[in-house]
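In the UniProt record's numbering, the protein residues as written are 1 to 270.
Encoded structure:
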């Protein structure tokens with residue numbers, strides 16, 4: 001009798017264990033079905049709106065406007081933007097399309113809980129504008145990328161004129177290339193608060209020397225050929241000369257400052 005009772009107990013215990021085990025399996029399957037259903041429903045839902053935001057440059061400048069980004073996206077999809085389902089949107093592809101726009105440096109996109117496609121765009125930042133005698137007219141950004149002119153805004157950066165060499169796609173691999181040297185000079189000027197506010201134009205002569213034009217006054221500043229070590233030393237002398245040796249009221253008395261001589265600034269009066 002005890003043997004029969006023990007068997008029944010073990011049987012019922014086994015049934016209980018199996019019931020619990022399969023119960024959890026059914027619960028897990030139910031959760032998975034609900035999750036898949038929710039994902040499928042979300043994928044089939046339409047995007048409510050597309051909201052591109054362009055992070056402005058200094059002075060709230062935009063080289064590219066949100067409307068232009070919308071036009072670019074519209075051209076990349078087979079459906080109008082207001083008819084897109086979530087399943088139609090490849091976020092990585094959206095970002096790639098936007099980053100192909102000349103003035104876009106980086107793009108981030110995501111769809112929020114309200115089914116809004118949010119886009120944030122960082123613009124490329126011009127460092128120099130090239131207006132060469134050979135007819136080329138473009139911006140160089142801080143990474144050395146060539147940018148076209150914008151129809152929306154003209155960026156206030158030093159303008160490089162004169163005998164600028166033609167564009168070369170691989171110039172950044174050669175530190176001695178004229179465009180590499182102009183980039184180095186541009187970064188040096190930008191990082192110095194005084195020089196950034198002072199210099200308006202860089203002219204390249206037929207012999208490859210650089211002549212600077214300040215924003216204030218009619219003087220020209222002879223800098224000479226670019227050199228990684230000598231050029232910063234010359235510009236330091238120029239700053240000292242402006243700050244200590246040349247009172248504001250005396251600026252108009254001079255027509256040129258020459259930095260090409262060692263340890264001095266040669267100033268010529270009008």
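Beta carbons: idealized from backbone N, C-alpha and C, even for Gly.
Predicted model only: the values in this text are computed from it and were never measured.
Environment of residue i [buried if 16+ CB atoms lie within 10 Å]
i	result
residue 261	exposed
residue 205	exposed
residue 178	buried
residue 49	exposed
residue 32	With a pLDDT of only 45 at residue 32, under the threshold of 50, the placement of this residue in the model should not be trusted, and no figure is reported.
residue 234	buried
residue 257	buried
residue 202	buried
residue 221	buried
residue 160	buried
residue 266	exposed
residue 207	exposed
residue 259	buried
Cα-Cα separation between residue i and residue j, rounded to whole angstroms
i	j	result
residue 158	residue 199	7 Å
residue 134	residue 111	47 Å
residue 129	residue 137	7 Å
residue 165	residue 140	14 Å
residue 172	residue 127	15 Å
residue 106	residue 94	12 Å
residue 308	residue 59	Since the first residue of the chain shown is 1 and the last is 270, residue 308 is not available in this structure.
residue 253	residue 268	9 Å
residue 243	residue 74	54 Å
residue 80	residue 68	15 Å
residue 229	residue 188	12 Å
residue 41	residue 89	For residue 41, the pLDDT reaches just 44, beneath the cut-off of 50, and the residue's location in the model is therefore unreliable, although a value from the coordinates is still provided. Computed Cα separation, rounded: 15 Å.
residue 82	residue 167	41 Å
residue 163	residue 123	29 Å
residue 218	residue 270	10 Å
residue 241	residue 263	11 Å
residue 86	residue 78	14 Å
residue 255	residue 213	11 Å
Cβ separation of residue i and residue j, assumed to be a contact under 8 Å, to the nearest whole Å
i	j	result
residue 116	residue 156	Rounded, the Cβ-Cβ distance is 35 Å, inconsistent with contact.
residue 152	residue 65	6 Å
residue 125	residue 182	The Cβ separation is near 16 Å, so there is no contact.
residue 53	residue 120	5 Å
residue 185	residue 231	7 Å
residue 97	residue 76	5 Å
residue 190	residue 209	Contact doesn't hold; Cβ gap of about 21 Å is too wide.
residue 109	residue 131	Wrong, their Cβ atoms sit about 36 Å apart, outside the cutoff.
Best match in the options for proximity to residue i [C-alpha to C-alpha]
i	options	result
residue 215	223, 264 and 196	196
residue 169	218, 180, 185 and 232	180
residue 84	47, 240 and 264	47
residue 61	72, 92, 154 and 108	154
Cβ of residue i within 8 Å of any chain D Cβ
i	result
residue 78	This model lacks chain D altogether, as it is built from one protein chain only.
Three CB pairs or more closer than 8 Å across the stretch 144–151 and the stretch 101–111
As far as the Cβ criterion goes, the stretch 144–151 touches the stretch 101–111, which means the pair count is three or higher.
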